[in-house]
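Position 224 of the sequence shown, counted from 1, bears residue number 232 in this note's numbering, the numbering being contiguous throughout. Glycine included, C-beta positions come from ideal geometry on N, C-alpha and C. Here the structure is a predicted model, which means the values were calculated and not measured.
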Amino acid sequence: MTLFEELSWRGFVNQMTHQELPELLEKEAFTLYCGFDPSADSLHIGSLLPILGLVHFQRHGHNPIALVGGGTGLIGDPSGKASERAMLNKEEVLHNVEGIRKQLERFLDFDGPHAAKLLNNGDWLGEVKLLDFLRDVGKFFSVNMMLNRETVRVRLDEEGRGISYTEFSYILLQSYDFLYLNKHYGCRLQLGGSDQWGNIVSGMDLSRRLANAETYGLTFPLVTKSDGSKFGKSEGGNIWLDANRTSPYRFYQFWLNQSDSDVGRYLRFFSFLEEEEVHALENAVIEKPQERAAQKKLAEEVTKLVHGDTALENAKHASNAMFGGDISRLDAATLKDVFSEVPSAQLSAKVLNTEPLLLDALVEAQVFKSKGEGRRLIRSGGLYINNSRIDGEDQKLTSSCLLSGDMMVVRTGKKNYFLLDFS
């Protein structure tokens, strides 16, 4: 399968500037780039499609550049924004650039014959002189054309919003990036989301005018859900690639909970599974939807890709915990994460010194109202500590009942959980 056939069946191709681009990509190795905005110290899953786009190009023998916007991040891209974004200072942007750099290094190969490069446009934009830039670059940009850009027009049409000169000038800086990368790295192709089409075309035009360069552009679709709603958010906000912002367990759960109507597209976008296996999983959605085999495979593939094998196994163990699985291997942070939405209470660790009856401690923690209620629960086989059934009413509370030294998970019935913290 050629690169373009791969990109096409996976749904990566939204627009391209030249119909001959697929043929050219088979004949010669291209240097290409895609930009990433350092508005936070982590990318979120909305960036996964362009990241994996770069990976596909590298796997097919091309040379990718991941460009982190240390310079443009000080300005702000108005694309997709309903209002002016909060300005970050240089220290904040540099901090964010370093966080994104570490994440991109997980995906791309920076060694070998088609080694990727990781660049920061602050390294050259910070050296540009204003008067030179306005004379040499600004004169090629028509204000009429810029006002007709959808990202600008939307802001101007909404009463009371508007757009600052700072964000209005973003297109000039991104266009200059393409010119600079073409001159210094031989970069001939820019990738981006569909909202970047205008910026890409402007960069191509500037490269033609100032360097007589033949350059190309290709955009990816913006990922949405089948109902048209925005992809990449949960009730808690963005789904981040940083494990400290979105834990591997929450990350895994996000993909596991995707709808039957979306899972096929997401398997194409966000995994490297072969076409035959994706089709088989799509058929399983139709024939055995209750098994959710496609969602499980999607969650496994993306979690492993972003967080690694160990984090995936921990996430799967954590997911099984809610269905009576073994939770003894979960650390305190994961336990709190898994059971963050269940009732909880904190008891003093000193109570362990007297080894009280378990029922007394559970009544004190208000797991149930009385010891009588607890006894009835035990007799009916409905009380579990750390997913192990309690058979004796005289069971004592000791340190051996705790997980990770200070946590205990109580379950009453099939799925009523309670978390006790003895820290």
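Query: For SER352, which residues in the same chain have their Cβ closer than 8 Å to its Cβ, ignoring the five residues on either side in sequence?; Result: PHE426, LEU427, LEU428, ASP429
Query: Just the Cα atoms here: how many angstroms apart are LEU313 and PHE262?; Result: 15 Å
Query: Taking the straight line between their C-alpha atoms, what separation do you get for PHE141 and ILE59?; Result: 30 Å
Query: Between the beta-carbon of ASN395 and the beta-carbon of ASP345, is there less than 8 Å?; Result: no
Query: Whole-angstrom Cβ separation of LYS404 and LEU366, contact assumed at under 8 Å?; Result: 6 Å
Query: Mind pulling the alpha helix (DSSP H) runs of 4 or more residues that sit fully within the stretch 281-344?; Result: 283-295, 301-315, 317-329
Query: Does the beta-carbon of LEU164 have 16 or more other beta-carbons within 10 angstroms, so that it is buried, or is it exposed?; Result: exposed
Query: Grouping DSSP H, G and I as helix and E and B as strand, with all else coil, what is GLY43?; Result: strand
Query: Restricting to Cα atoms, I'd like to know which of GLN23, ASP119, LYS125, ILE53 is closest to VAL76.; Result: LYS125
Query: Alpha carbon to alpha carbon, what distance is there between GLY400 and GLY240?; Result: 47 Å
Query: Within 10 angstroms of the Cβ of SER237, are there 16 or more other Cβ atoms? Answer buried if so, exposed if not.; Result: exposed
Query: Taking only the alpha-carbon atoms, compute the straight-line gap between LYS191 and ALA48 and give it to the nearest angstrom.; Result: 29 Å
Query: For LEU112 and LYS379, what's the separation of their Cα atoms in angstroms?; Result: 55 Å
Query: Quickly, what does DSSP pair LYS241 with across the bridge? List them, please.; Result: ASN246
Query: Report buried or exposed for ILE294, applying the criterion of at least 16 other Cβ atoms within 10 angstroms of its Cβ.; Result: exposed
Query: Anyone know if the C-beta pair for GLY61 and PHE228 falls short of 8 Å?; Result: yes
Query: Return the first residue and the last residue of the alpha helix (DSSP H) that PHE426 is part of.; Result: Here PHE426 belongs to no alpha helix (DSSP H); instead the beta strand (DSSP E) covers 424-429.
Query: Just curious, the alpha helix (DSSP H) that LYS358 is in, first and last residue?; Result: Premise fails: LYS358 is in no alpha helix (DSSP H) and is neither H nor E.
Query: Apart from the five residues just before and just after ILE53, which ones in its own chain have a Cβ nearer than 6 Å to its Cβ?; Result: GLY240, ILE247
Query: So is MET95 buried or exposed if we call it buried at 16+ other beta carbons inside 10 Å?; Result: exposed
Query: With respect to the alpha helix (DSSP H) encompassing ALA212, which residues constitute its N-terminal and C-terminal limits?; Result: Before going on, a small fix: residue 212 reads as Met here, not Ala. From DSSP, the alpha helix (DSSP H) with MET212 extends over 205-219.
Query: Note down the Cα distance separating SER50 from LEU133, rounded to an integer number of angstroms.; Result: 22 Å
Query: According to DSSP, simplified to helix, strand and coil, what is ILE498?; Result: Any question about residue 498 goes unanswered here, given that the chain covers just 9 to 431.
Query: For LEU264, which residues from the same chain have a beta carbon less than 8 Å from its beta carbon, with the 5 sequence-adjacent residues on both sides left out?; Result: ARG300, GLN303, LYS304, LEU306, ALA307, SER327
Query: For the stretch 170-183 against the stretch 141-160, do three or more pairs of beta-carbon atoms, one drawn from each stretch, fall closer than 8 Å, so that the two count as touching?; Result: yes
Query: When you compare the CB of HIS64 with every CB in chain C, is at least one pair closer than 8 Å?; Result: Protein chain content of the structure displayed is limited to a single chain, and chain C is not contained in it.
Query: Using beta-carbon positions only, say whether LEU33 and CYS195 come within less than 8 Å of one another.; Result: no
Query: State the start and end residues of the unbroken alpha helix (DSSP H) segment that holds GLY107.; Result: 98-112
Query: If you drop the 5 nearest sequence neighbours on each side, which residues of the same chain put their C-beta closer than 6 Å to that of LEU249?; Result: SER50, LEU51, GLN111, VAL314
Query: Who are the Cβ neighbours of GLY390 in its own chain at under 8 Å, not counting the five residues just before and after it?; Result: THR420, GLY421
Query: So, is ALA369 buried or exposed, given that buried needs 16 or more other C-beta atoms within 10 angstroms?; Result: buried
Query: Please report the distance separating the alpha-carbon of SER172 from that of GLY84.; Result: 10 Å
Query: Do the CB positions of PHE38 and LEU197 come within less than 8 Å of each other?; Result: yes
Query: Mapping the DSSP letters down to three states, classify LYS125 as helix, strand or coil.; Result: strand
Query: Run the CB neighbour count on SER255, radius 10 Å, all protein chains shown included, and call it buried at 16 or more, exposed below.; Result: buried
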